[in-house]
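K.L.:
Structure, rendered in structure tokens:
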């Protein structure tokens with residue numbers, strides 16, 4: 001199976017110097033020789049999300065608002081990568097900034113293309129274990145958010161009810177719960 | 001907690017008559033009175049993805065290429081909603097078109113904002129059970145894809161290895177596996 005080839009690319013829109021959004025037009029070559037002249041491609045920042053379990057077995061979540069969500073949503077730690085930043089470093093930075101917690105054990109839950117057709121960046125998902133409170137919160141997020149400590153049963157029920165309303169949050173929580181169901185958890189941690 | 005308000009919106013880019021992409025500029029009002037003048041908002045079609053389990057307990061998957069993915073990926077049934085189409089109808093249509101299967105039992109796995117900040121459409125995720133082959137495949141997808149029948153253990157292992165490389169595919173598979181782990185499955189099906 002052959003992948004599509006990018007034959008040419010042109011920037012057709014940049015928002016705020018391209019920090020948050022660049023739209024490109026791609027000329028794409030298909031394996032059968034067909035050429036698509038106008039394939040829109042979206043460049044948005046890569047980001048991390050972290051499911052955080054404390055040393056007492058509670059899940060660190062937020063109740064927060066997001067512009068794309070009606071009402072409030074349950075949420076998890078997350079944020080954009082800074083330029084040149086490694087995903088794990090970004091995850092550890094966001095955990096500390098948003099919650100004041102640190103964690104000794106990190107499990108990589110994978111990297112995923114947000115949109116298989118148009119790009120929209122990559123999601124890097126993590127599970128952090130045995131987190132403990134270290135210092136006060138120092139977040140720069142524009143949205144209001146309230147930190148919550150939920151039990152595993154509460155998180156399972158909230159996930160099943162669709163209360164993590166943003167896609168990568170539900171992905172990370174579901175992957176983390178599957179991982180926590182495995183008998184030998186810490187093998188393969190990063 | 002108050003949500004942000006859209007005070008004004010202007011279309012700044014349309015790709016292919018807006019069928020696949022419209023970019024808007026939003027003027028946004030925050031709860032504290034602050035106004036953001038240039039918040040980019042992405043309108044892409046809502047889509048469905050379906051985890052399909054056959055009447056013999058196998059998972060219907062694809063091996064396929066996607067433009068945003070390097071190499072090949074494991075994939076599941078999916079596609080955009082047609083204008084005015086209900087998510088469940090789209091899911092049933094795509095199942096038949098892409099695999100030739102139909103299923104009597106459908107479980108709603110939720111609706112999620114793809115990007116909590118910028119939009120990018122909504123993902124409607126489903127689990128279809130007891131699927132059986134009905135008619136030949138009639139897909140209009142541009143990418144090459146090969147239909148695979150995988151065991152549940154194979155799907156669990158592939159998910160944990162990150163082989164479903166597109167975010168909503170991993171979300172749907174993870175949510176489906178959690179759902180299938182529940183003792184009483186069919187209560188609450190759609």
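Residue numbers (this note's numbering), protein chains in the order written: chain A, 1 to 190; chain B, 1 to 190. Each residue gets a CB set at the ideal place from its N, CA and C atoms; glycine is no exception. In this text, all values refer to a predicted model and were calculated from it rather than measured experimentally.
Look up residue 28/B in the DSSP assignment and say whether it is helix, strand or coil.
P.N.:
For the purposes of this step, residue 28/B is taken as residue 28 along the second chain, with counting starting at 1. Note: residue 28/B maps to strand in three-state DSSP.
K.L.:
At a Cβ threshold of 8 Å, is residue 49/B touching chain D?
P.N.:
Absent from the structure: chain D. Protein chains present are A and B.
K.L.:
Do you know whose CA, among 98/B, 24/B, 78/B, 20/B, lies nearest residue 38/A's CA?
P.N.:
In the first chain, counting from the first residue as 1, residue 38/A sits at position 38. It is 20/B whose Cα lies nearest to the Cα of residue 38/A.
K.L.:
For residue 131/A and chain B, any beta-carbon pair shorter than 8 Å?
P.N.:
By 1-based counting over the first chain, the position of residue 131/A is 131. Chain B contact via Cβ: absent.
K.L.:
Looking only at its own chain, which residues have a Cβ that is under 8 Å from the Cβ of residue 179/A, when we skip the five neighbours before and after it?
P.N.:
Mapped onto the first chain, residue 179/A falls at position 179. Taken in chain order, the residues that qualify are 107, 109, 127, 185.
K.L.:
Would you please verify whether the beta carbon of residue 98/A is less than 8 Å from any beta carbon of chain B?
P.N.:
One-based indexing of the first chain puts residue 98/A at position 98. Judged by the 8 Å Cβ criterion, residue 98/A is not in contact with chain B.
K.L.:
For residue 26/A, collect the residues of the same chain with a Cβ closer than 6 Å to its Cβ; drop the 5 residues on either side in sequence, then sort them by chain order.
P.N.:
By one-based count along the first chain, residue 26/A stands at place 26. Within the same chain, residue 26/A has close Cβ partners 6, 9, 39, 41.
K.L.:
Return the CA-CA distance between residue 158/B and residue 77/B, expressed in angstroms with no decimal places.
P.N.:
Counting from one through the second chain, the residue named residue 158/B turns up at place 158. Counting from one through the second chain, the residue named residue 77/B turns up at place 77. Their Cα atoms are separated by approximately 16 Å.
K.L.:
Say whether chain B places a C-beta atom closer than 8 Å to the C-beta of residue 152/A.
P.N.:
Position 152 of the first chain, counted from the start, is the residue given in the question as residue 152/A. With 8 Å as the cut-off, residue 152/A does not count as an interface residue toward chain B.
K.L.:
How close, in whole Å, do the beta carbons of residue 60/B and residue 147/B come, if the pair is a contact with beta carbons under 8 Å?
P.N.:
For the purposes of this step, residue 60/B is identified with residue 60 of the second chain, where counting begins at 1. For the purposes of this step, residue 147/B is identified with residue 147 of the second chain, where counting begins at 1. Rounded, the Cβ-Cβ distance is 7 Å, consistent with contact.
K.L.:
With 8 Å as the threshold, decide whether the Cβ of residue 139/B is near any Cβ in chain A.
P.N.:
For the purposes of this step, residue 139/B is taken as residue 139 along the second chain, with counting starting at 1. Chain A contact via Cβ: absent.
K.L.:
With DSSP as the reference, label residue 40/B as helix, strand or coil.
P.N.:
Counting from one through the second chain, the residue named residue 40/B turns up at place 40. Three-state DSSP puts residue 40/B in a strand.
K.L.:
Using a Cβ-Cβ cutoff of less than 8 Å, which residues in the same chain neighbour residue 45/A once the five nearest sequence positions on both sides are dropped?
P.N.:
Here residue 45/A refers to the residue found at position 45 when the first chain is read from its first residue. Correct list, in chain order: 19, 20, 80, 81, 121.
K.L.:
Which residues in chain B sit within 8 Å of residue 12/A, going by Cβ to Cβ distance?
P.N.:
Sequence index remark: in the first chain, residue 12/A carries index 12 (1-based). In chain order: 13.
K.L.:
Work out the CA separation of residue 141/A and residue 64/A for me, nearest whole Å.
P.N.:
Position 64 of the first chain holds residue 64/A. Position 141 of the first chain holds residue 141/A. Cα to Cα, residue 64/A sits roughly 11 Å from residue 141/A.
K.L.:
For the segment 68-81 of chain A, which residues have a CB atom closer than 9 Å to at least one CB atom of chain B, in sequence order?
P.N.:
Flagged, chain order: 68, 69, 70, 71, 72, 73, 75, 78.
K.L.:
How should residue 145/B be labelled, buried or exposed, when 16 other C-beta atoms within 10 angstroms of its C-beta is the threshold for buried?
P.N.:
What you label residue 145/B is simply residue 145 of the second chain in a count that begins at 1. It is buried - the Cβ of residue 145/B has at least 16 other Cβ atoms within 10 Å.
K.L.:
Nearest to residue 150/B by CA position, among 29/B, 57/B, 135/B, 23/B, is which residue?
P.N.:
Numbered from 1 along the second chain, position 150 holds the residue referred to as residue 150/B. Cα-wise, what sits closest to residue 150/B is 57/B.
K.L.:
Express the C-alpha separation of residue 84/A and residue 155/B in angstroms, rounding to a whole number.
P.N.:
Mapped onto the second chain, residue 155/B falls at position 155. Mapped onto the first chain, residue 84/A falls at position 84. Straight-line Cα distance between these residues: approximately 34 Å.
K.L.:
In angstroms, rounded to a whole number, what distance separates the CA positions of residue 103/B and residue 73/B?
P.N.:
By one-based count along the second chain, residue 103/B stands at place 103. By one-based count along the second chain, residue 73/B stands at place 73. The straight-line gap from Cα to Cα measures roughly 24 Å.
K.L.:
How many Å lie between residue 94/B and residue 131/B at the Cα?
P.N.:
Taking the second chain and counting its residues from 1, the one referred to as residue 94/B is at position 94. Taking the second chain and counting its residues from 1, the one referred to as residue 131/B is at position 131. Going by the C-alpha atoms only, they are around 13 Å apart.
K.L.:
Would you mind telling me which residues of chain B sit closer than 8 Å to residue 9/A, beta carbon to beta carbon, in chain order?
P.N.:
Numbered from 1 along the first chain, position 9 holds the residue referred to as residue 9/A. By Cβ distance, chain B contributes nothing, its closest Cβ being about 12 Å from residue 9/A, past 8 Å.
K.L.:
In whole angstroms, what separates the C-alpha of residue 43/B from that of residue 12/B?
P.N.:
Here the question's residue 43/B lines up with position 43 in the second chain. Here the question's residue 12/B lines up with position 12 in the second chain. Residue 43/B and residue 12/B: Cα-Cα distance of roughly 11 Å.
K.L.:
Identify whether residue 155/A lies in helix, strand or coil by the three-state DSSP scheme.
P.N.:
Counting from one through the first chain, the residue named residue 155/A turns up at place 155. Three-state DSSP puts residue 155/A in a helix.
K.L.:
Residues in the same chain with beta-carbon distance under 8 Å from residue 139/B, minus the five sequence neighbours each way, listed in chain order, please.
P.N.:
Against the second chain, residue 139/B aligns to sequence position 139. So the qualifying residues of the chain are 97, 98, 145.
K.L.:
Mind listing which residues of the segment 36-48 of chain B have their C-beta closer than 9 Å to chain A's C-betas, in chain order?
P.N.:
Of all residues in the segment 36-48 of chain B, 36, 38, 39, 40, 41, 42, 44 have a Cβ within less than 9 Å of some Cβ in chain A.
K.L.:
Any Cβ of chain B within less than 8 Å of the Cβ of residue 106/A?
P.N.:
Along the first chain, read from residue 1 onward, the residue named residue 106/A stands at position 106. No, residue 106/A does not count as interfacial toward chain B.
K.L.:
Would you say residue 33/B reaches chain A, if we count a Cβ-Cβ gap shorter than 8 Å as a contact?
P.N.:
Taking the second chain and counting its residues from 1, one reaches residue 33/B at position 33. It does not; no Cβ of chain A falls within 8 Å.
K.L.:
What in chain A is Cβ-close to residue 111/B, meaning under 9 Å?
P.N.:
Your numbering for residue 111/B matches position 111 in the second chain. Residues of chain A passing the Cβ test: 162, 165.
K.L.:
Closer than 6 Å by C-beta to residue 165/A: which residues in its own chain qualify, once you throw out the five before and the five after it? Chain order, please.
P.N.:
Your numbering for residue 165/A matches position 165 in the first chain. Taken in chain order, the residues that qualify are 69, 73.
K.L.:
What are the residues of the segment 114-127 of chain A that lie near chain B, defined by any Cβ-Cβ distance shorter than 8 Å?
P.N.:
Answer in chain order: 114, 115, 116, 117, 118, 119, 120, 123.
K.L.:
Assign residue 134/B to buried or exposed, taking buried as 16 or more other Cβ atoms, counted over all protein chains shown, within 10 Å of its Cβ.
P.N.:
For the purposes of this step, residue 134/B is taken as the residue at position 134 of the second chain. Exposed, by the Cβ-count rule.
K.L.:
Taking C-beta to C-beta, are residue 222/B and residue 125/B nearer than 8 Å?
P.N.:
Outside the modelled stretch of chain B, which goes from 1 to 190, sits residue 222/B, for which no answer is possible.
K.L.:
Between the C-alpha atoms of residue 119/A and residue 153/A, what's the straight-line distance to the nearest angstrom?
P.N.:
Looking up residue 119/A in the first chain gives position 119. Looking up residue 153/A in the first chain gives position 153. Cα-Cα distance, rounded: 34 Å.
K.L.:
Check whether the Cβ of residue 20/B lies closer than 8 Å to any Cβ atom in chain A.
P.N.:
Position 20 of the second chain holds residue 20/B. Chain A contact via Cβ: present.
K.L.:
Which residues in chain A sit within 8 Å of residue 28/B, going by Cβ to Cβ distance?
P.N.:
The count along the second chain starts at 1 and reaches residue 28/B at position 28. The contacting residues are 67.
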